[in-house]
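Notes for the one structure printed next.
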Amino acid sequence: MSEISNNKNIFVIDENNSSSKGATRKMAAIFAADVVGYSKLMASNEKLTLFRLKETRKITDKIISSLHGRIFSTAGDSIMAEFASPVDAMEAAISIQKEVTKNLDQIKDSITIEFRIGINLGDIMIQDNNLYGDNVNIAARLESISTPGEITISEKVYQEVHNKVDISFKSLGEKKLKNITQKIKVYESLMFQKNNQDKKISINFSKKYLIVIAVIIICIVTMIFYFNNKSSDNIQYTESSKSVLENFRTTENSDSNQTNLNQGKTVIAVMEFQNQSNNYGIENVKTLKSIIDRNLISNQSAVVATPQGSENLNPPEVMLIATESNASFVINGIIYTEDGNNFLNLKIYEAKRGSLIINQKIDLAPNNDSFNKFMQKFSNDIMKK
Numbered sequence: 266m267s268e269i270s271n272n273k274n275i276f277v278i279d280e281n282n283s284s285s286k287g288a289t290r291k292m293a294a295i296f297a298a299d300v301v302g303y304s305k306l307m308a309s310n311e312k313l314t315l316f317r318l319k320e321t322r323k324i325t326d327k328i329i330s331s332l333h334g335r336i337f338s339t340a341g342d343s344i345m346a347e348f349a350s351p352v353d354a355m356e357a358a359i360s361i362q363k364e365v366t367k368n369l370d371q372i373k374d375s376i377t378i379e380f381r382i383g384i385n386l387g388d389i390m391i392q393d394n395n396l397y398g399d400n401v402n403i404a405a406r407l408e409s410i411s412t413p414g415e416i417t418i419s420e421k422v423y424q425e426v427h428n429k430v431d432i433s434f435k436s437l438g439e440k441k442l443k444n445i446t447q448k449i450k451v452y453e454s455l456m457f458q459k460n461n462q463d464k465k466i467s468i469n470f471s472k473k474y475l476i477v478i479a480v481i482i483i484c485i486v487t488m489i490f491y492f493n494n495k496s497s498d499n500i501q502y503t504e505s506s507k508s509v510l511e512n513f514r515t516t517e518n519s520d521s522n523q524t525n526l527n528q529g530k531t532v533i534a535v536m537e538f539q540n541q542s543n544n545y546g547i548e549n550v551k552t553l554k555s556i557i558d559r560n561l562i563s564n565q566s567a568v569v570a571t572p573q574g575s576e577n578l579n580p581p582e583v584m585l586i587a588t589e590s591n592a593s594f595v596i597n598g599i600i601y602t603e604d605g606n607n608f609l610n611l612k613i614y615e616a617k618r619g620s621l622i623i624n625q626k627i628d629l630a631p632n633n634d635s636f637n638k639f640m641q642k643f644s645n646d647i648m649k650k
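Numbering (the numbering used here) for the sequence shown: 266 to 650.
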């Protein structure tokens with residue numbers, strides 16, 4: 266009798282039972298992956314966790330398929346897959362860990378998807394497209410003792426892959442795995458240590474990232490300068506600007522039109538600001554957003570998308586907007602009153618991951634220039650890098 270576990274469900278098969286006699290056997294490399302701290306993530310923010318898991322699964326499933334693997338079980342956050350070759354299984358695990366972990370440092374909230382992965386090689390049973398046997402169970406147990414972001418493998422896998430893949434391993438010695446009779450000699454990858462320097466480099470701003478942030482900061486400074494000087498004129502879009510915005514409002518436009526419109530430019534989605542203040546007029550709200558829109562459109566490196574029906578946003582909505590409008594950044598604002606004064610809470614997201622990169626409280630009092638000075642200094646600091 267064998268226990269099969271993917272850390273969420275446990276299945277038991279009696280190998281002497283008549284119901285299992287139709288099963289066939291073969292050798293296979295078994296890949297087991299599980300999200301680190303999934304229950305805690307779900308308790309913290311269920312909607313965002315499910316969204317990020319869904320987006321991550323697009324990456325993992327594509328990699329597994331490209332290396333000739335077959336996913337035979339998914340329960341919640343776990344993935345169980347089979348490969349004919351242990352080298353393919355290892356290459357899939359390496360690619361998944363690299364792709365999933367490379368952007369973790371840029372996510373500012375606590376909802377991060379990170380995997381533990383275990384791989385085993387051995388004889389398994391096949392019945393009704395499911396896999397059974399101790400060797401399946403061993404893969405799941407190896408995953409459970411793996412370090413987050415790493416890959417834990419059995420001795421049999423190590424002998425097949427250690428001189429064929431571009432990572433190093435360390436021996437963890439013999440381990441007594443739950444419900445496995447014999448101790449298993451175990452090895453773990455050193456991907457985190459090897460790529461530590463790469464992770465430090467990845468958190469630096471790229472050249473394109475710096476340019477876009479600088480453009481956004483200049484727009485904000487212009488907006489504050491406008492209100493400090495109490496201009497009473499509303500900003501009006503030119504006809505060409507209106508055309509650009511209208512094209513983005515119609516998401517069903519042909520791909521060719523959008524490609525021509527956005528070619529060589531960064532798309533920035535500026536949402537309709539939500540007014541929660543007691544005495545800040547609707548025309549002033551429109552003017553705030555118009556200043557940002559106009560300055561972004563006038564810049565040769567950016568165009569503005571204005572999806573309809575959006576006010577206050579949560580991170581999943583930010584990422585959905587990015588997908589729909591092909592935006593790299595999303596700007597959202599809430600105007601509110603505090604102690605009789607009006608403020609703008611301006612949030613700027615790196616859209617495709619929903620990462621908050623700027624969360625600034627702006628005093629809308631006409632004579633307050635503290636934020637203006639802060640943004641000028643911040644802009645200068647970025648341009649020096």
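C-beta atoms are modelled at their ideal positions from N, C-alpha and C, and glycine is treated no differently.
Close CB contacts of E615 within its chain, under the 6 Å cut and outside five residues either way in sequence, are with I622 (chain order). Per DSSP, the beta-bridge partners of N610 are I599 and K626. Residues of the same chain with a CB within less than 7 Å of the CB of N607, apart from the 5 flanking positions on each side, are S542, Y545, I600 and L629 in chain order.
By the Cβ neighbour-count rule, E347 is buried, with 16 or more other Cβ atoms within 10 Å of its own. Between I344 and T325, the beta carbon gap of about 6 Å places them in contact (Cβ cut-off 8 Å). In the DSSP annotation of this structure, the continuous segment of the alpha helix (DSSP H) that includes K319 starts and ends at E311 to S331. By the criterion of a C-beta distance shorter than 6 Å, G387 is surrounded in its chain by N400, once the five residues flanking it on both sides are discounted. In this model, G414 and E453 are separated by some 11 Å (Cα to Cα). In the displayed model, D370 falls within a helix according to three-state DSSP. Your pair I384 and A404 checks out as a contact, with CB atoms roughly 6 Å apart and the cut at 8 Å. In its chain, beyond the 5 residues on either side, V532 have a beta carbon closer than 6 Å to the beta carbon of N591.
Of all C-beta pairs linking the segment 420-434 to the segment 355-362, three or more are shorter than 8 Å, placing the two stretches in contact. S593 and A293 have their C-alpha atoms some 42 Å from each other.
The closest CA to that of F434, considering only N444, I372, F457 and K319, is found on F457. For Y303, same chain residues with a beta-carbon under 6 Å away, outside a window of 5 residues either side, are D342 in chain order.
Bridge partners of M307 according to DSSP: none are assigned.
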